Structures are given as C-alpha cells and as structure tokens.
Amino acid sequence: MNHSHGVPTVLIVLIVLAALALLIGLAALAGRRRNDGTGRGQGPRPSRPHTTPPPRRPEQPGRRSGERPDGSGRVPAPREIWWAEVPFEDGSGSKDRPCLVLRVTGRTATVAKITSKHHAELPDVLALPAGTVADRQGRASWLELDELREVPLTHFRRRVGPVDAQLWARVQRARSSG
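Residue numbering for the sequence shown follows full-length UniProt numbering, starting at 1 and increasing by one per position.
Dropping the structure here:
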C-alpha cells in the first residue's frame, strides 16, 4: 500500500466503488420511474384518438346468449335506456353511446341513438331532460328517431333505466307518424 499521502489505497478504492454503486442505483431508479406506467419523467402523453374501440371478445363458453358481460344476466327491454356499442349508419364502425331500446327480437335490439348534439335539421328529434342518460356531465340529450339501428344484445354494457310513460308515449307517437 502507498501511504505517501496519508490515505490508504484500499480506502480510495472503496470510496470510488461506493460512488459508482450510488450512480448505478440512481440510474436504475430513474429508468424504473420512466417505465412504471405513471408517465413521470416522460413528458406529456399524446391524446387518445377518437376511433372505434377494438373488436369485442367472442362470447365466453358457458355464457348465455344476451347475458351481460358483467354477469348480471339483465337483457335490454323496450322503453329502457342503455349504453351500448351502436353501429354507425354506414357500417364503418361503432361508438359507445346511450340509446333507447324500441324492440328486442332474438339476439338483437332495435334502438334509437341518443346524442348530446342537437340536430334541429333532422326530423323526429326529441329533447330529453338533462341527466337522462346518466353521463358524468348531466348534459341535455336528444333522441334521434329517424335512423334506427340493430344492435346485438352482447353489445349492451350498462342499463340506465326506463324512460317515463310520457316520454315513451311521445316516442310512440313520433314513430307512428313518421
């Protein structure tokens, strides 16, 4: 050992190794924080594009046709508002949206879509009271009776509840006059 400066070489080596271990540990911790899914250290995340969701999983073996994915067994019925994967008119995809069930036949339901955008130019649009669709914002909504859709029962995900008798009567009148 070299004692010319009063510090043993072994002590210097230990200090260097400790400093190196500390740096490696800090680098590993920083790498874990970037990759832990919290987004810390990564900068802003890109916004999620508004596209159609991925295709639904096929029905699981043993599940009855029409049984809800959450296992409730509840099947949509006429006069009920549900959130469902409603197909676009042109068949190019679908959107998770509220809808009013008008009729259930076999494994599908005929629905009228509900939207938060008022389309005054469309015939047979009925205003719904704010909060009717149980969305987080409690927005006003409109029921569009001019373009009905057929939705597989397996695409219904959350029941909101039945519409009141007055609204159901208005829907029936609008449909019979159209």
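The beta carbon of each residue, even a glycine, is placed where N, CA and C say it ideally should be.
Here the structure is a predicted model, which means the values were calculated and not measured.
Locate the alpha helix (DSSP H) running through residue i, then write down its first and last residues.
| i | result |
| --- | --- |
| S94 | Counting along the chain, S94 falls outside any alpha helix (DSSP H), though it belongs to the beta strand (DSSP E) covering S94 to T105. |
| V171 | A165 to S177 |
Is residue j closer than 8 Å to residue i when the C-beta atoms are compared?
| i | j | result |
| --- | --- | --- |
| I81 | R97 | no |
| D124 | D90 | no |
| S92 | E85 | no |
| A174 | L102 | no |
On a CA-only basis, which of the options is nearest residue i? Give me that one, please.
| i | options | result |
| --- | --- | --- |
| R158 | L148, G73 and S141 | G73 |
| F156 | R103, L17 and A109 | A109 |
| L122 | V163, W142 and A77 | W142 |
| P162 | C99, T9, R149 and L126 | C99 |
| V133 | S176, V104, S116 and T9 | S116 |
Look up residue i in the DSSP assignment and say whether it is helix, strand or coil.
| i | result |
| --- | --- |
| L126 | strand |
| P140 | Correcting the residue identity first, residue 140 is Ala in this sequence and not Pro. Coil at A140, not helix or strand. |
| T132 | coil |
| V111 | strand |
Identify the continuous beta strand (DSSP E) that holds residue i and give its terminal residues.
| i | result |
| --- | --- |
| A84 | E80 to P87 |
| T154 | Looking at the DSSP string, T154 is not in any beta strand (DSSP E), and its letter there is neither H nor E. |
Closest Cβ-Cβ distance between residue i and chain B: below 8 Å?
| i | result |
| --- | --- |
| A127 | Of the protein chains in this structure there is only one, and it is not chain B. |
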